[in-house]
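Enquirer:
Protein chains in written order, with full-length UniProt numbering: chain F, 1 to 223; chain A, 1 to 250.
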């Protein structure tokens, strides 16, 4: 029955070749921790992706309660933390996950750097990886404001001031991010939009490219 | 793929179904063999992550108040090094710290594959790249550490206002009630001997929020994610609930 269903879909969509490309390739011995314990350093990339998935999922659940306006943002975060079933766990996951993604990403980057895996022909994948780094830092910056508590507000006020001090284009960045001379209602909606629409779109495209290139070029051989 | 005298791996056939005498080079299929091992590592990390979350609840400070400029701002830890860098740069050339230095660092990182073009990949065989990165990481770590220390000093000099000042000056109502004794034996480990909260939240003023019946219900069924059900049972639960319901704030 299952086989028949699969064949029926396969006949129409040709999923077998896609499946083969995605899943059916040999993983070299030197990245396998089962062969050599020190190969666990090759897990950092996969773990970064795993934590990013928990960020996406916990973020989607937070969005079920979170309200991005200055009257209700704080109240909704308080409600999530104190009242919602497992709300403090989901919020904790999203909060601590932000740090964990960055830690894992730095470890992954250092692994790639010190094993020289960015060398030809994998330069482009390194570039995409550095861009992902930038996007993830952007997530951290825009996410920090959303609970609209004192810590969030004043940390972002400092960040916005720093962005505004950029010569020539500083005022334009200020307008784009903050929406006016002072941090306020517009800032919160902008940061929310950037955090949940712009950056995830960018991240998914870049991750897609990152993984596509890994499959195309395969993992760098042993040193 | 090398020819193993007609025993070449059939695509999609996992390792455990391969013939025993088939030679291997230590490689294995991504799916399901390798992915399974990755998932084992992943689930260990996830369990550790969840435990960390449970024991480190996220705080929520007071609601944002643009008028209160006494709050000492601090960015999240991963921006501390940039923040600290600016402290060493005088005001009129602040752009050096906000744009030029981070810009150069980011560009160097982005262009690493073109700056380090020789074939050698072992870190010891390309000292400039290796030491460059080590020094950059040490410098960033030092900046982060300094920022952290200076922030803690500033906090010690100018302690932040408590988020909920009413908790501080509220006294426990009726401390000689029999319920207080049951509370001290069963509940104080989590909610604090002074009701000020520890693992569990503060219960000072809980009477404003709940009636005795509601508190009894919470004791009976617990409160996710941490508070277990039926810590206190029967008559004792009624007494504790009635005493807690008296904890009202004006």
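Even glycine gets a Cβ: it sits at the ideal position worked out from N, Cα and C. Given the structure is predicted, the values throughout are model-derived calculations rather than measurements.
Within 8 Å (strictly less), CB to CB, does residue 200/F reach chain A?
Expert: No, no contact with chain A.
Enquirer: Considering only their Cβ atoms, is the gap separating residue 83/A from residue 90/A smaller than 8 Å?
Expert: Against a cut-off of 8 Å, the Cβ pair of residue 83/A and residue 90/A comes out as no contact.
Enquirer: Checking 8 Å against the spacing of the C-beta atoms, do residue 85/A and residue 94/A come in under that value?
Expert: Cβ atoms of residue 85/A and residue 94/A: not closer than 8 Å.
Enquirer: In this structure, how does DSSP classify residue 84/F when only helix, strand and coil are distinguished?
Expert: Reduced to three states, the DSSP call for residue 84/F is coil.
Enquirer: For residue 194/A, which of helix, strand or coil comes out of DSSP?
Expert: Coil, per DSSP.
Enquirer: What residue does the alpha helix (DSSP H) around residue 237/A start on, and which one ends it?
Expert: Taken as a continuous stretch (DSSP letters only), the alpha helix (DSSP H) holding residue 237/A covers 234-245.
Enquirer: Along the segment 142-160 of chain A, where does the CB come closer than 7 Å to a CB of chain F? Name the residues.
Expert: Answer set for the segment 142-160 of chain A: empty.
Enquirer: May I ask you to list the residues that DSSP assigns as paired with residue 119/F?
Expert: Partner(s): none; residue 119/F has no beta bridge.
Enquirer: Against chain A, with Cβ distances strictly below 8 Å, would residue 46/F count as a contact?
Expert: By this cut-off, residue 46/F is an interface position.
Enquirer: Step through the CB atoms of chain F and report whether any lies within less than 8 Å of the CB of residue 131/A.
Expert: Judged by the 8 Å Cβ criterion, residue 131/A is not in contact with chain F.
Enquirer: Could you pull out every residue in the same chain whose Cβ sits closer than 7 Å to the Cβ of residue 29/F, ignoring the five residues on either side in sequence?
Expert: Here the set comprises 35.
Enquirer: Which of the residues in the segment 66-79 of chain A, read from start to end, lie with their CB under 8 Å from any CB of chain F?
Expert: If the cut-off is 8 Å between Cβ atoms, the segment 66-79 of chain A has 66, 68, 71, 72, 73, 74, 75, 76, 77, 78 and 79 near chain F.
Enquirer: In or out: residue 245/A buried (at least 16 other Cβ within 10 Å) or exposed?
Expert: Per the 10 Å Cβ criterion, buried.
Enquirer: Would you mind working out which of 237/A, 208/A, 205/A and 202/A sits nearest residue 218/A, comparing C-alpha positions?
Expert: It is 237/A.
Enquirer: If you count every other CB in all the chains shown that lies within 10 Å of the CB of residue 157/F, and 16 or more means buried, which is it?
Expert: Classification for residue 157/F: buried.
Enquirer: Name the one or two DSSP bridge partners that residue 216/F has.
Expert: Note: residue 216/F sits in no beta bridge, so no partner.
Enquirer: Check whether the segment 32-52 of chain F and the segment 39-58 of chain A touch, using three or more Cβ-Cβ pairs below 8 Å as the test.
Expert: Yes: at least three Cβ pairs fall under 8 Å.
Enquirer: Using beta carbons (cut-off 8 Å, strictly below), is residue 148/F in contact with chain A?
Expert: Interface residue, yes.
Enquirer: Per DSSP, which one or two residues make a beta bridge with residue 223/A?
Expert: Answer is 227/A.
Enquirer: Any idea if residue 12/F is buried or exposed, counting beta-carbon neighbours within 10 angstroms, 16 or more meaning buried?
Expert: With fewer than 16 Cβ atoms within 10 Å of its Cβ, residue 12/F is classed as exposed.
Enquirer: List, from N- to C-terminal side, the alpha helix (DSSP H) runs of 4 residues or more that fit wholly inside the segment 26-72 of chain A.
Expert: The segment 26-72 of chain A contains these whole alpha helix (DSSP H) runs: 35-55.
Enquirer: Under 8 Å Cβ-Cβ, which residues of chain F neighbour residue 60/A?
Expert: Result: 74, 77, 78, 81, 147 and 149.
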